[in-house]
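Everything on this sheet refers to the single structure shown next.
In my numbering, the protein residues as written are 8 to 195.
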């Protein structure tokens, strides 16, 4: 049985912690509510963190880092996820393993970014060009965010493709005491 202990974590903190433990080497992102805390939580952890000029550049930097051999991830929300669709297709066609976290919110514009939504599921499955359907994980608790982040990295490496982890404004900011199981990090 793997070792574990309990800790109170916010959803976005659980994603950041699990990504570190999974061996994350590079994170590129552009601050967008409600996903910004993932970028902030990774600063100073030993992970190379870069704030890019936009979401398109963020995913392209993650693709480059993965091609260079690092475990790589980005995090965004609906409007940024829309901008990433062409690069998601590129990552799939070049068989580049990476993780994209989409912390969903209402609407494409400012003014409502603190309201949660679950409207990006169809875009996650069918949004990019090409005849492929990316793996999408949709956790419903902070504990599942933690566990599915590990699963997303493993699945990306096994399938040699981008994997999408969908969250939303509720569970990304929800605090929950979770069991921090030690999962075995896979080599890239």
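By construction, the Cβ of each residue, glycine as well, lies at the ideal position given by its N, Cα and C atoms.
Minimum Cα-Cα distance from residue 129 among the listed residues 160, 88, 150 and 165 corresponds to 88. In the DSSP annotation of this structure, the continuous segment of the beta strand (DSSP E) that includes residue 13 starts and ends at 13-17. Residue 79 is bridged by DSSP to 33. According to the DSSP secondary-structure assignment, residue 155 is paired through a beta bridge with no residue. The straight-line gap separating the alpha-carbon atoms of residue 175 and residue 126 is approximately 10 Å. Of 37, 162, 164 and 100, the smallest CA-CA separation from residue 109 is found for 37. When the alpha-carbon of residue 84 is set against those of 70, 76, 124 and 78, the nearest one is in 124. Around residue 177, the same chain offers 123 as residues with beta carbons nearer than 7 Å, after the five sequence neighbours per side are excluded.
Taken through DSSP and simplified to helix, strand or coil, residue 130 comes out as helix.
In the DSSP assignment, residue 170 forms a beta bridge with 106 and 142.
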